[in-house]
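Student: Sharing a structure, written as structure tokens. Questions coming.
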Amino acid sequence: MHSSDSYHSLSSLPIGEGRLEVICGPMFSGKTEELLRRVRRSQIARLPTVLVKPAIDTRYAVGDVVSHDKNAMPSVVVEKASDIMNVLEVEGRPALVVAIDEAQFFDDDLPRVCSELANKGMRVIVAGLDLDFNGVPFGSMPQLLALAEEVTKLHAVCVETGRAAHFSHKISGSDDTVELGEKDKYIPLARHAFVAARKK
Ligand code: ADP
Ligand code: MG
């Protein structure tokens, strides 16, 4: 049993929220939109907020995170997960919120980095593809999903059926798991449409 006294010890803990949130889903499901929405609200709350993306994501303006509906925000581009530790300052103030887009492209160190930041009291918001185009869990997303206090699974609109799409199907290009592309290379599909498309 907790005595009421035991809660007083919490006052020595960091003041921030200290949590990990994951936003996942297939391509075009609105992950970046949702991430930018949360970043904007945290800026409205005047919380020093850093938006980060991996160097590999060069589909649009370098340095900006851009959603498919052309929403954009400046971001810090980092080479590897541990580099995130070195960019946690906003106008001379330590960041309280860190938002990370395209998390699936980061190295295996990302779950450790995110946990460490959340443990320190930061609100960590991660967006990424939960599945690759083979329908297999992508990079360190499974670990992040397990570690997160809160998970948001988004869906795109299936271009075959109009239903909720959970899969990103590759329609052209190579067999590499990491190949950047847009609607010319990937389409969102619901499960049975994805299964049927892969049989072809
Ligand atoms: P993600 O980061 O998950 O790839 P974005 O946030 O960049 O997604 O883009 C979401 C936007 O993509 C939607 O608001 C919509 O304007 C557009 N879009 C284009 N095709 C589709 C589709 N098939 N299903 C859902 N949204 C789509
Ligand atoms: Mg995105």
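To convert, note that position 23 of the sequence shown is 1079 in the numbering used here; the numbers rise steadily by one, no gaps. The beta-carbon is built from N, C-alpha and C at its ideal position, and this holds for glycine as well.
#1: Where does Ile1112 sit, in a helix, a strand or coil, going by DSSP?
#2: Which residues bound the beta strand (DSSP E) around Lys1226?
#3: For the ligand ADP, list every residue whose C-beta falls under 6 Å from any of its heavy atoms, going in chain order.
#4: Ordered along the chain, which non-local residues of its own chain (more than five positions away) have a Cβ less than 6 Å from that of Phe1189?
#5: When you compare the segment 1227 to 1240 with the segment 1097 to 1105, are there three or more beta-carbon pairs, one atom per stretch, that lie closer than 8 Å?
#6: If you compare alpha carbons, which of Val1182, Leu1187, Ala1212, Val1215 is closest to Leu1203?
#7: Any heavy atom of the ligand GTP closer than 7 Å to the CB of Asp1157?
#8: How is the alpha helix (DSSP H) around Val1102 delimited, first residue to last?
#9: For Phe1162, which residues of its own chain have a beta-carbon under 8 Å away from its beta-carbon, when the five flanking residues on both sides are left out?
#10: Considering just the uninterrupted stretch of the beta strand (DSSP E) at Met1129, what are its terminal residues?
Tutor: Put simply:
#1: coil
#2: 1223 to 1226
#3: Gly1081, Met1083, Phe1084, Ser1085, Gly1086, Lys1087, Thr1088, Glu1089, Ser1123, His1124, Asp1125, Ala1212, Val1213, Val1215, Pro1244
#4: Ser1224, Lys1226
#5: no
#6: Val1182
#7: Absence of the ligand GTP from the depicted structure is noted, with the ligand ADP and the ligand MG being the only ligands included.
#8: One point to set straight first is that residue 1102 is Arg, not Val, in the sequence displayed. First-last for Arg1102: undefined, no H or E at that position.
#9: Pro1110, Lys1136, Ala1137, Ile1156, Gly1195, Ser1196
#10: 1128 to 1130
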